Every structure is written in structure tokens, then in C-alpha cells.
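**Q**
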Ligand SMILES: *Cc1c(COP(=O)(O)O)cnc(C)c1O
């Protein structure tokens, strides 16, 4: 019998827990938690969850669940296609902790590997779409389209007219766009564009290329018409088709969006997949989401980092280009690597083969007397089968093929990388005919054939054998600092263990290869898993209903705000549109509220960091008629349990508002308090924080929205939901009915293996560790906020402002110097500028906590030497951090010894070496380059 999983997940063992408690002066975890958590919110009943099982048992249960899904050959299309994940990419990216446990690359010096992988992705998208600048991923195709609609609206400084969408666009895209546009007050018209645009001005036009039906039409006239009508031309395109079809950018499109799923990313029952967006010259400052750019480091060498961050919600808040924060980095890395591995020729060959198979099937079915309705297509066509569509789809299902039931008289067939000659035989059996060896007709219009080159950069033309690919992947991940190297003490991000047993199931065929629109009876395993997970999340949060559809925390916020909006409308109080948000809130809060059509009013913070109740009362009274909601984070972003939360909820309720509790910090509450019980009406959780889904270097994520009963009718719906009564309603938030379903087994496994007691203990140890660090570090860096009993919650803010004032050493200097000591920096300057927010989580053992504290204390010693005048700031090892391996050789004219620079914690053969020195952020924004730089840029 191996040890229970809880002992594997929680870092400190009993002796270490006791040692930490001793240091803090508490006799037990219970005593500590009694002191830390306010009585007013404390639950006493144990969580009602199934008993914890072992890792082996959970793995077996998940295998059994996966086995009840029936992936078959997915020929439904609609933006999701069969693809083959090259094994070298599956094992060395998707299943490799050096990629999947990384954090968002806000510390670029220690993220050069994934930044290069993302710039490959951007280059790939920009090349294939024929546009100048592509972002480093969005959440999915539907939300990418919605972002493009908002972008068109902004670029036009308000709408000139409606936004027009092609009726042959993906149905889920239309629905997601409608949900978003309603919040923003943009009128959307869905129209058959085969005969051109409707009369009148437009803010933009979205055309699907190829269409949902598979049709490949010349989109140039529509692009021109969009421009003539004063709008932007947005094309939702299939990247694989673009290897054979001329690039939309070349044809004049302003924006191209889509999904990179079929570039080697498993179907995952709908997600996670990398959505993409690319824009023409002049629109790059309008781009939503993150953008990787090239800059230079302190030694003048090229280095990657996130560009134009001032567009993002962290800075612009309610005026941000989008609420997107977590995106789909891991999947963008995988898709980009698929292009690196296959190269332009390999991709074209895959596309050609798929096309030829589809053309053969169409010709053969036509020969057998069926009317093929799509005359120009790439991989998808529709067949008229009057009155027989259900029967043929059912017959195909018996043959192991999932076809698209378009309507009672039409079926759709979509070919992919796994369809073969055997598929053709099964297909013909389903249609009741024998395959015919007929000449396929040319279905791709020659006038649209691609003439422009793509993926000419050497990176796409070098690593085509597996040895080279493997080494390239490891070269990049070696440049990065992820959880496989050491702790990542990021406040508000909960970088805890992503256990191998939690991760393994995502590769099981039953979970990985299922198309999101298969019939419900072929997704039994997912249905059971999702139902159980939603139920468990409802239990731990104290809410009545949960939806896992939102595929990031910010999407959960948006879904929750929409629920509030529609609830008020249903009560005849549609005028309620004011959302109060404390000044310390995470930037996604105001950005999401605005997207849901709310007006944001900021509530001040008192000196102790809590909400200023005088200001709260005043704002509530002032807006009593139109108060919609308050959005608060609990524990607050200051990492403190406020006693006053229940009173805050009461005040807002008394004024007719709803309470949104941002549950991203749920790691401080799980098992001890339930937001649905202490005053919240709705919350989101971040499964990629509290519930062990890895951050993936900036995504994927899952942001379930949890509501009390009165808001349950306003949870996200989806036009193709497997459950019929979830199809109509508030609309879709994500492109797939269950969002990023493919990673839900991770959180399911975590809860299953921890059980009620284990989860509750994890919270206590997380709080213990944070307080231990606050105690050890507090003498050196003041802890900015503490609760009434002197305790912090699961994280603590270290104040560096006085140090900066006295010495000129900034939080940046401390953060970069931590790299020399072998650490990832804490969260910088959030929620308070000039501070560092540390969140250790329960997974780091005492040795690692102490190693970090020792490093911080040693850094404080270095700061003292600056203060004493021994080093100037400019000449200090802090300002010159991080030190690369180049510092070991050549001239040394610094005012400190070489050893102090490179081995401040003593000579360490296992030291992590950052590949670049400190990066000049501003240089990169002044000289914006967001594609792979030419190789000679790296010449020494
Ligand atoms: C992480 C976080 C969010 C945003 O979550 P994403 O998944 O990145 O969209 C929102 N609020 C708080 C307090 C957070 O810490």
C-alpha cells in the first residue's frame, strides 16, 4: 500500500507542520485556522464529498469513465477536426511538466523557451493568414470571433451600423458573438452572404472560410464590400485550408480568427485549444490578449517578452481591449510545434491528402446517385438525403463514424488527418452503396489556390526529424523556470502541485479524441464526470448550480455578470447597471463587468486595505436605483480574511444589488468557508489555481461559474448542447458546451484523491505556510496587511516601497535577483505598486520555503550594503541581475565579485542559468517585432 495521496500533495510532513506551528505559536492546525478565519463565515460541517481513494483507484475510475466515451471517427467538422498529435510533441510538451507547469511569462528572462515557442505560433498564424501581427492565443474560435467584433467596434470608435455575420459561420461562433455583442450593445445581423452584403453601413463583416457547410467561395467581393460599407472585414479561417487556399490577408482582410486545434491538438471534447487572432498593419494596438515581441537584453542581444501590455486589463481595467488573462499557451505551443515539425511542405501534404480523400468520397457518392450540395470545398461537404439524414447518421455511427446531422434532409461529412481508405469503405456502407473508383472532380477553385509563401523561416524548415525535434523542445524548456525546478511563489496564482496521476488521464483516447458535438450517449463518461465535478464544486462553494463552460477565470466573471444582468431584467429592473468594484480588484473584474454592459464605479480602500465602508455606503445610496452588483475578491487581493465581508454583502443586498465573489483565492477557503453561504450570489473558481490544472505557461484554464438558485436560469447555454434544455437561454460563453472539458479530469482526480479531509487540510497548510513566510520575512520586508489576529490568509504582501525610497532598489531588482538565487519571482506590484505578493501554497515543503526565505533575507542583506553606500544601485548585483553564464568568462569590472553575481547562494552545480540578461521592456514596444527574428539577429 502506498501512502495516501494527501501526503503526496501536501509538501510539509507532520514534523514540518509542527515546526512551523511552533514558530507561529499555535498548538495545532485547528487552532491556527480558528484564529485566522472569521467566525462569521466559518462552516463547521465537514464537506459532503465521497471518501478519498488512492492514486491507483482514481486512475482506474478515470480509465473506466474514459472507456464509456465513444470517440469513433470524428467527421462532424464545425471547427473541430481529427488530428494526429505527433508523439514527440505529446510526450515532450503536453505531458511534460517543464512545459505544462510553467507560469505566464511575466518574468521574461526565465521564460525565453515558451516565449520563443509562442513567437513561432504567432509567426505561423501571421504567415498562414497573410497578416502582419498575430497574438499568442485566445481561448477558442468563438471567443476569438467575439473579440474581433469588439475590435471592429473599437476601431470604428463605435458602430457605424450592425456587425454582419455570415449565416454559413459556425453555429457556436454565431452564438458566442451574440452573447458578447449583447453585453456591449452591438447589433448583430446574421445574413446569407452568398449574394453579397445587405444594404447600409456596417461596423464589420465576419465570413467563415471555408464555411460551416464546407463551401469555399471567393471572399474578395465581401471583403471589398465590407470596406465600402465602412466596416472591417473579419475572416474566420481554417489554418490547414490556408496551406492550399490564398491567405485572407493577401485578399484584403483586416482581421483573421480561428482555432489552431487541428494542428495536432486533441479534440478534448471541445477544448482546450488555442484560438488565434491576427490583424493587419495599424490594428496591433487594438489586439486583445497577449502578444509576444522581440526586444533586447542589457547586453544588447535579442530577447523575447510580452509586448504592448498597456492594452491589457491589468493596466487599462475597465478600458482594456478585452478581459482575457489566462489564454491557451500550452496548446499554442503544441500547435506551433506541429508546424515546426511538419514544415510548410508537410502541412501542405497533409492538407492535400485530406482534400483528395474528401474529393474521392464526394465523387463516389455523387456517382452512386447522391446530390452533393457543396461543389467547391476543402475537407467538408454536404449531401442531400431527403428524409434519410437521421437514418444515415445512425448507420454511420454503427460503422464507428460520427457524421454531422445538418437537418432531416442533409448530412455533413468532414475529413481529417485520421480519415483513411477504411473510413471511405465504412462511409459507403452507411450510405448503403459500394465505393466507386471514380475520378475525383477538382473541388478546390484554382482561382483561390495559394500562391504566396508561408513558414519560410528556418525554424519551420529544420526540425523535421524526431531527434532534432526532441532536442529543440528540450532546448527551449531548459531555458525556462517552471515548477519542475523550484517554487513559483506567485500571489493570487496558486502554483501548487499538478500531480502526475491527475495529468495522465487527459491523454486517454476516450477523453482526448472525442468531438464536442457527438450525441450525448457517446459521451457518457464525460457526462458523469462533469455532473460529479459540478456537484462537488457546488458542495464546496455552498452554491446551488455550477457550470464549467467558462474556459478561464475572466470568462467565469463575464458569465456571472451576465447572469446578474439577466436576473435584474427578468425582475423588470433592467436599469440596474452599476457594478461597484473595490480599487484593489484584479484587472479582469472591471473589464468583465464592462463586457456585460455594466458601468463600473470604484469603491475606495481604507488604509488597512479593506473596503472603505463609508465610501461603500455612500456609493450604494447614490446608486440605489441602478445598483446591479458588487464584485469583491475573498479573501481580498490583499491576502487577508476581512471580518466585514458579511456586512458588505448585507449592505449591497439592502440596496438591491447582487454580490459577485471572485473565488480565484478559494485556496484560502476550501473546507472552511463557503461564499454561497456567507453572502455571495455568484462566484467563479479558477480550477487552474485551487484545483490543480497546471498553468501551462499562461493557459489553459477553467473558470466555472457557481450561482445560487435564483441565478441558475441564467447560466451559460449552448446551441449544440447535448442536453436539449441547455440550448436556449443566456447564450454561449465558450465555443464548446463544456468549455475546456478535456482538462476537467485533472480537477476531478484531485477532489477524488483528497476527499473532504484532505482538501480541508490543504487549505490549513496553505495558510500555515503563508504565515510562516510572513513570520520569517516580516522582519526584513514589512508585511503590508494582516488580519485582526495578526495572521494573513494564503498569501502575504511584502512592502518594498520604503526600501525603494531609501536605496533606489525596486521590486524589479529584487525579482530579477531572485533568479540568481534560483527562484521565480513573486507577483510584482499587484495589488499594490512597489510590493511583492508571495503565495507558497500547501505543496511546497519546509526546506523549499526556507530556501526561499533565506534567499529573500540574503537579498535584504545586499540591499543593506547598497544603503550603506558600499555599492551604488547601478553597480549593485541587484540592478545587474539576473546574471547569465556569460558573466563567468571575460572581463569583470563590476564593483562586486563575480561569485557574488553568479553564485550568491554558494556554488551550485545544479544552478538554473537564465539565457538572457535583464530585458529592456520599453525598447521592444518602441520597435515592435512580433514574429520570429531572422537568424542573423543572434550573431555574436
Ligand atoms: C487569476 C485571477 C483572475 C483571472 O483568472 P484568469 O483565469 O486568468 O482569467 C481573476 N481574479 C483574480 C483575483 C485572480 O487571481
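Residue numbers (the numbering used here): 39 to 978. For each residue, glycine too, the CB sits at the ideal point set by N, CA and C. Since the structure is predicted, the reported quantities are computational estimates derived from the model, not experimental observations.
Residue 681 by DSSP, collapsed to three states: which one?
**A** In this structure, residue 681 counts as coil in the three-state DSSP scheme.
**Q** With DSSP run on the structure shown, which of helix, strand or coil describes residue 411?
**A** If DSSP states are grouped into helix, strand and coil, residue 411 belongs with coil.
**Q** Just to confirm the assignment, what range does the beta strand (DSSP E) spanning residue 313 have?
**A** Run containing residue 313: 313-317, per the beta strand (DSSP E) assignment.
**Q** By DSSP, does residue 115 sit in helix, in strand, or in coil?
**A** Looking at residue 115 - three-state DSSP - the assignment turns out to be strand.
**Q** Let me make sure I understand the geometry here. Which of 334, 318, 303 and 279 has the alpha-carbon closest to that of residue 389?
**A** Among 334, 318, 303 and 279, the Cα nearest to that of residue 389 belongs to 279.
**Q** Below 8 angstroms, is the gap between the Cβ of residue 677 and the nearest heavy atom of ligand 1?
**A** Residue 677 Cβ: outside cutoff for every heavy atom of ligand 1.
**Q** Does at least one heavy atom of ligand 1 sit under 8 angstroms from the Cβ of residue 363?
**A** Checking the Cβ of residue 363 against ligand 1 gives yes.
**Q** Is it true that the CB of residue 330 sits closer than 9 angstroms to the CB of residue 176?
**A** In this structure, residue 330 does not lie closer than 9 angstroms to residue 176 by Cβ.
**Q** Quick one: Cα of residue 178 to Cα of residue 103, how far?
**A** When rounded, the distance between both Cα atoms is 26 angstroms.
**Q** Just verifying my parser: in three-state terms, what is the DSSP assignment at residue 247?
**A** Here residue 247 sits in strand by DSSP.
**Q** Could you check whether the Cβ of residue 352 sits closer than 8 angstroms to any heavy atom belonging to ligand 1?
**A** No; taking the cut-off as 8 angstroms, the Cβ of residue 352 has no heavy atom of ligand 1 nearer than that.
**Q** Given the structure, does residue 455 come close to ligand 1, in the sense that its CB is under 8 angstroms from one of the ligand's heavy atoms?
**A** No; taking the cut-off as 8 angstroms, the Cβ of residue 455 has no heavy atom of ligand 1 nearer than that.
**Q** Is residue 530 near ligand 1, judged by its Cβ being under 8 angstroms from some heavy atom?
**A** Yes; taking the cut-off as 8 angstroms, the Cβ of residue 530 has a heavy atom of ligand 1 nearer than that.
**Q** Comparing the CB of residue 356 with every heavy atom of ligand 1, is any distance shorter than 8 angstroms?
**A** No, the beta carbon of residue 356 sits no closer than 8 angstroms to any heavy atom of ligand 1.
**Q** Distance, Cα to Cα, residue 447 vs residue 428?
**A** If I take the Cα positions, the gap works out to 8 angstroms.
**Q** Between which residues of its own chain and residue 385 is the CB-CB distance below 6 angstroms, once the five residues before and five after are set aside?
**A** Around residue 385: 281.
**Q** Closer than 8 angstroms to a non-hydrogen atom of ligand 1 - does that hold for the CB of residue 700?
**A** Indeed, a heavy atom of ligand 1 lies less than 8 angstroms from the Cβ.
**Q** What whole-angstrom Cβ distance do residue 303 and residue 81 have, given they're in contact under 8 angstroms?
**A** Contact flag wrong, Cβ pair sits at about 40 angstroms.
**Q** Which full runs of the beta strand (DSSP E) of 3+ residues lie inside the stretch 573-598, going along the chain?
**A** Fully enclosed beta strand (DSSP E) runs of 3 or longer: 583-585.
**Q** Spatial neighbours of residue 727 within its chain, please: C-beta separation below 7 angstroms, excluding the five flanking residues on both sides.
**A** Answer for residue 727: 531, 532, 702 and 705, listed in chain order.
**Q** Do three or more CB pairs link the stretch 413-433 to the stretch 442-461 at distances below 8 angstroms?
**A** Touching, yes.
**Q** To the nearest angstrom, report how far apart residue 863 and residue 776 are at their CA atoms.
**A** Cα-Cα distance, rounded: 34 angstroms.
**Q** What's the call for residue 799, buried or exposed, on a 16-neighbour Cβ count within 10 Å?
**A** Classification of residue 799: buried, given that the 10 Å Cβ count is 16 or more.
**Q** I'd like to confirm the pairing. Which residues does DSSP put opposite residue 107 in its beta bridges?
**A** Per DSSP, 561.
**Q** For residue 342, list the residues DSSP reports as bridge partners.
**A** For residue 342, which the question treats as bridged, DSSP gives the partners 332.
**Q** Just to confirm the assignment, what range does the beta strand (DSSP E) spanning residue 445 have?
**A** Where residue 445 is concerned, the enclosing beta strand (DSSP E) stretches over 439-445.
**Q** Looking at C-beta atoms only, is the number of pairs between the stretch 583-590 and the stretch 131-142 that lie closer than 8 angstroms three or more?
**A** Judged by Cβ distances under 8 angstroms, the stretch 583-590 makes no contact with the stretch 131-142, as fewer than three pairs qualify.
**Q** Who are the near neighbours of residue 790 in its chain, counting only those whose CB is closer than 8 angstroms to its CB and skipping five residues on each side?
**A** Cβ within range, chain order: 88, 90, 91, 96 and 99.
**Q** To the nearest whole angstrom, what separates the beta carbons of residue 710 and residue 801, a pair I think is in contact under 8 angstroms?
**A** The Cβ separation is near 6 angstroms, so the contact holds.
**Q** Assuming contact is defined by CB atoms lying nearer than 9 angstroms, are residue 651 and residue 619 in contact in what I supplied?
**A** The answer is no: Cβ separation not under 9 angstroms.
**Q** Could you check the C-alpha separation between residue 880 and residue 816 for me, to the nearest Å?
**A** Approximately 20 angstroms between the Cα atoms of the pair.
**Q** In three-state DSSP terms, what is residue 136?
**A** Helix at residue 136.
**Q** Could you give the distance in angstroms between the alpha-carbon of residue 207 and the alpha-carbon of residue 634?
**A** Going from the Cα of residue 207 to the Cα of residue 634 covers about 24 angstroms.
**Q** By DSSP, does residue 296 sit in helix, in strand, or in coil?
**A** The answer is strand: DSSP assigns residue 296 an E or B state.
**Q** Does the beta carbon of residue 66 sit closer than 9 angstroms to a beta carbon anywhere in chain B?
**A** Absent from the structure: chain B. Only one protein chain is present.
**Q** Under three-state DSSP, which class holds residue 71?
**A** Here residue 71 sits in helix by DSSP.
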